[in-house]
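Student: Start counting the sequence shown at 226; every next residue gets the next number (the numbering used here). The C-beta atom is built at its ideal place from N, Cα and C for all residues, glycine as well.
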Amino acid sequence: ATANIGVVGLAAMGSNLARNLAHHGNTVAVYNRHYERTEKLINEHGNEGKFVPSKTIEEFVASLKRPRTAIIMVKAGAPTDAVINELADAMEPGDIIVDGGNSYFEDTIRREKEIRARGLHFVGCGVSGGEEGALNGPSLMPGGTEESWKTLGPILKSIAAIAEGEPCVTHIGENGAGHFVKMVHNGIEYADMQLIAESYDLMHRGLGMDAAEIGDVFEEWNKTELNSYLIEITAEVLHQVDAKTGKALVDVIVDRAGMKGTGTWTVQTALSLAIPVTGIAEAVFARGLSGMTEQRAEAQKQHLAGPEQKLDVASAERAAFIEDIRHALYASKIVAYAQGFDEIQAGAKEYGWNIDLAAVARIWRGGCIIRAQFLNRVSEAFESGEADISLLFAPYFKDAIAKAQDSWRRVVAKAALNGMPTPAFASSLSYYDGLRSDRLPAALIQGQRDYFGAHTYGRIDQPGAFHTLWAEPGRPEITA
Ligand code: NDP
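Below is the structure:
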């Protein structure tokens, strides 16, 4: 046995991860169900480092040094379960099975329990950064036991992206914690992308700017506090010209956004935890609306009433309005991150994980899709304790929103008056104003609940639970 790490599943992600491991001095055992993929990896990249190819899972396990450590990169769901079981059958107590796929965290909790019962370690590890990240440095979010982290930590540190001199990996917490955090990462990614898309729409349909002009704006925005991977690639996408038609490529792409489910999981989980993640939810719903082909086509035929969907902005005020959109994007982004971190905090409480939110923000600074300069500020805010209750109360972010909010309101109001949809901008602003409210209309809701269901209510002037005999006017309230 010579390999210190193994990879099972050598499609795009697995083969790139195996190469990344080999590039950093690891001896990498590799195995794939169909041997052709293994052969392809060895033929095309075998000279990049030390690989130990195997044709069977038993051979693969035998080529690993103890404690044997194997990373699974196969299709999520049943294939992952199948491979986990094959590995567990061939391995021995103390060995470590790592699932690097996009698994649902509840599955990871279940699998960890099952594998632990067999004396092995199971690590659910979120991997972000796509194929490029897997090859050149991903952001890694491993869960599992402290003991497995001792073996796995140095290996993962050797391949992770580097941000500000630090590898983008940290031990997130026990069992499903890593996949939970990866799930929320993806949810935040949905919100980030939706906010960028709304900004583009306001400039494109609203102000009549073409894709290249808007690409220039995003290029400028990338030099501000919005500096991030997603803003950078947005500028590039908008500058791309279609070879076939000579038009901007974005103008010939069908306006229907796909999704693979992690955004939906983030929202479903947030609903179960009763954490409002309005920015993420609106982003998932907006993709849903984009896919409602039949209803959208019918709406065109029916000419549903509403303004023309152009913004009435005088040319002299155009530059100022674009600046307003930038502020609206930044403020909404802060809200989306605050909500995402709220969900991680609530998840940690519910599932008994001890998650260091500052460390999470730090490992998202490089390698992953949401990498952004402002994560430095986010990590500082959690580190100092200023964001203990919410990111929105850390002075840096409180001030940022204070400066942005007039712009944010102008954008949402103007968009609404001109019939332009801004679900993520508008819902983030409503969330912010809801949070600010001294008194919410929830009092009325509680009154309604007591009326129809005798659910009782609390009073502002004395402790206890009260019920009113609503249908009989004049009857006194009673204490439940
Ligand atoms: P795919 O999700 O397309 O999966 C293909 C791999 O799964 C092949 O190696 C295939 O083997 C193997 N496989 C499928 N079914 C079985 C089975 N029943 N038993 C054994 N092996 C099986 O590959 P990707 O590389 O795109 O992704 C791998 C994992 O990484 C997935 O869980 C994905 O969600 C996750 N991921 C992907 C990212 C991305 O950007 N693509 C980013 C982060 C995570 P064979 O060749 O024999 O068919």
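To the nearest angstrom, report how far apart V477 and G483 are at their CA atoms.
Tutor: Position 252 of the sequence shown holds residue 477. Position 258 of the sequence shown holds residue 483. So the two alpha carbons sit approximately 16 angstroms from each other.
Student: Measure the beta-carbon distance from E568 to L498 and round it to whole angstroms, keeping in mind my assumption that it falls under 8 angstroms.
Tutor: Taking the first residue of the sequence shown as position 1, residue 568 is located at position 343. Taking the first residue of the sequence shown as position 1, residue 498 is located at position 273. So it is a contact: roughly 7 angstroms between Cβ atoms.
Student: Out of F622, F276, A640, S353, which has the shortest C-alpha to C-alpha gap to L365?
Tutor: As a working mapping, residue 365 is identified with position 140 in the sequence shown. The candidate whose alpha carbon is nearest that of L365 is S353.
Student: Give the single residue among E269, I340, H396, F285 whose Cα lies nearest to the Cα of G234.
Tutor: For the purposes of this step, residue 234 is identified with residue 9 of the sequence shown, where counting begins at 1. The shortest C-alpha separation from G234 is found at F285.
Student: Starting from the C-beta of T252, find all residues in its chain whose C-beta is less than 6 angstroms away, skip the five residues before and the five after it, and write them out in chain order.
Tutor: Along the sequence shown, one-based indexing puts residue 252 at 27. Here the set comprises T227, A228, N229, K275.
Student: Check whether the Cβ atoms of I559 and G398 lie closer than 8 angstroms to each other.
Tutor: Here residue 559 is taken as the residue at index 334 of the sequence shown, counted from 1. Here residue 398 is taken as the residue at index 173 of the sequence shown, counted from 1. Not closer than 8 angstroms, so no.
Student: Can you give me the start and stop residues for the beta strand (DSSP E) that V232 sits inside?
Tutor: Within the sequence shown, the letter at position 7 stands for residue 232. Segment 230-233, the beta strand (DSSP E) holding V232.
Student: In the DSSP output, what is Y676 paired with across the bridge?
Tutor: Locating residue 676 in the sequence shown gives position 451, where the first residue counts as 1. Y676 pairs with nothing; no bridge assigned.
Student: With a CB to CB cut of under 6 angstroms and the five nearest residues on each side skipped, what residues in its chain are close to H680?
Tutor: Residue mapping note: residue 680 aligns to position 455 of the sequence shown, counting from 1. Cβ within range, chain order: R674.
Student: Hey, V394 and A388: beta-carbon distance below 8 angstroms or not?
Tutor: Taking the sequence shown and counting its residues from 1, one reaches residue 394 at position 169. Taking the sequence shown and counting its residues from 1, one reaches residue 388 at position 163. No, the Cβ-Cβ distance between V394 and A388 is not below 8 angstroms.
Student: If you draw a straight line from the C-alpha of L360 to the C-alpha of G271, how long is it?
Tutor: As a position in the sequence shown, residue 360 is number 135, starting the count at 1. As a position in the sequence shown, residue 271 is number 46, starting the count at 1. Near 14 angstroms, if we compare the C-alpha coordinates of G271 and L360.
Student: When DSSP labels each residue in this structure, what does I685 get in the three-state scheme?
Tutor: By one-based count along the sequence shown, residue 685 stands at place 460. Three-state result, I685: coil.
Student: Our contact map puts I296 next to L242 with C-beta atoms below 8 angstroms; I'd like the distance itself, whole angstroms only.
Tutor: Numbered from 1 along the sequence shown, position 71 holds the residue referred to as residue 296. Numbered from 1 along the sequence shown, position 17 holds the residue referred to as residue 242. Rounded, the Cβ-Cβ distance is 7 angstroms, consistent with contact.
Student: Would you tell me roughly how many angstroms separate the C-alpha atoms of G531 and A539, rounded to the nearest one?
Tutor: Here residue 531 refers to the residue found at position 306 when the sequence shown is read from its first residue. Here residue 539 refers to the residue found at position 314 when the sequence shown is read from its first residue. In this structure, the CA atom of G531 is about 21 angstroms from the CA atom of A539.
Student: Could you give the distance in angstroms between the alpha-carbon of Q527 and the alpha-carbon of Q520?
Tutor: Here residue 527 corresponds to residue number 302 of the sequence shown, with the count starting at 1. Here residue 520 corresponds to residue number 295 of the sequence shown, with the count starting at 1. For Q527 and Q520, the distance between alpha carbons rounds to 10 angstroms.
Student: With H, G and I counted as helix, E and B as strand and the rest as coil, what does DSSP make of V348?
Tutor: As a working note, residue 348 is residue 123 in the sequence shown. In the structure shown, V348 sits in a strand (DSSP, three-state: E or B).
Student: To the nearest angstrom, report how far apart T491 and I588 are at their CA atoms.
Tutor: As a first step, residue 491 is located in the sequence shown; it is residue number 266 there, counting from the start. As a first step, residue 588 is located in the sequence shown; it is residue number 363 there, counting from the start. If I take the Cα positions, the gap works out to 19 angstroms.
Student: Cβ of G440 within 8 angstroms of Cβ of A422?
Tutor: Position 215 of the sequence shown holds residue 440. Position 197 of the sequence shown holds residue 422. Contact flag unset, no.
Student: Would L665 and V637 qualify as a contact pair, given that the criterion is a beta-carbon distance under 8 angstroms?
Tutor: The residue given as residue 665 occupies position 440 in the sequence shown. The residue given as residue 637 occupies position 412 in the sequence shown. The answer is no: Cβ separation not under 8 angstroms.
Student: Any contact between the region 365-382 and the region 301-317? By contact I mean 3 or more CB pairs, one from each, below 8 angstroms.
Tutor: no
Student: Classify L451: buried if its beta carbon has 16 or more other beta carbons within 10 angstroms, exposed otherwise.
Tutor: The count along the sequence shown starts at 1 and reaches residue 451 at position 226. Buried is the call here.
Student: Compute the distance between the beta-carbons of I706 and A556, then report whether it is under 8 angstroms.
Tutor: Since the displayed the chain opens at 226 and closes at 705, residue 706 lies outside it and no answer follows.
Student: Using alpha carbons as the reference points, say which of P278, K382, S328 lies closest to E264.
Tutor: Residue 264 sits at position 39 when you count from the first residue of the sequence shown. Nearest of P278, K382, S328 to E264, Cα basis: P278.
Student: Reducing DSSP to helix, strand and coil, say where D332 ends up.
Tutor: Indexing the sequence shown from 1 puts residue 332 at position 107. Here D332 sits in helix by DSSP.
Student: Between A571 and L514, what straight-line distance do the alpha-carbon atoms span, to the nearest angstrom?
Tutor: Within the sequence shown, residue 571 is the residue found at index 346, counting from 1. Within the sequence shown, residue 514 is the residue found at index 289, counting from 1. Rounded to whole angstroms, A571 to L514 spans 29 angstroms at the Cα level.
Student: If you measure between the beta carbons of A473 and V479, is that distance less than 8 angstroms?
Tutor: Indexing the sequence shown from 1 puts residue 473 at position 248. Indexing the sequence shown from 1 puts residue 479 at position 254. No, Cβ-Cβ distance for A473 and V479 is not below 8 angstroms.
Student: My understanding is that I670 touches H410, with C-beta atoms under 8 angstroms, so please give their C-beta distance in whole angstroms.
Tutor: Position 445 of the sequence shown holds residue 670. Position 185 of the sequence shown holds residue 410. That pair is no contact at about 33 angstroms.
Student: Mind checking whether I282 and A307 have CB atoms under 8 angstroms apart?
Tutor: Stepping through the sequence shown from its first residue, residue 282 is reached at position 57. Stepping through the sequence shown from its first residue, residue 307 is reached at position 82. No Cβ-Cβ contact shorter than 8 angstroms links I282 with A307.
Student: Answer with buried or exposed for R481, where buried requires no fewer than 16 other C-beta atoms within 10 angstroms of its C-beta.
Tutor: Here residue 481 is taken as the residue at index 256 of the sequence shown, counted from 1. By the neighbour-count rule (16 or more Cβ atoms within 10 Å), R481 is not buried but exposed.
Student: Along the alpha helix (DSSP H) that carries M418, what are the first and last residues, could you check?
Tutor: Translated into positions along the sequence shown, residue 418 becomes position 193. Start and end: 402-426.
Student: For I297, report the span of its beta strand (DSSP E) as first-last.
Tutor: Numbered from its first residue, the sequence shown carries residue 297 at position 72. That run of the beta strand (DSSP E) goes 294-297.
Student: Which residues does DSSP pair with L289 in a beta bridge?
Tutor: For the purposes of this step, residue 289 is identified with residue 64 of the sequence shown, where counting begins at 1. According to DSSP, which records beta bridges pairwise, L289 is partnered with A228.
Student: What is the DSSP secondary structure of F599, counted as helix, strand or coil?
Tutor: Reading the sequence shown from its first residue, position 374 is the one you call residue 599. Coil.
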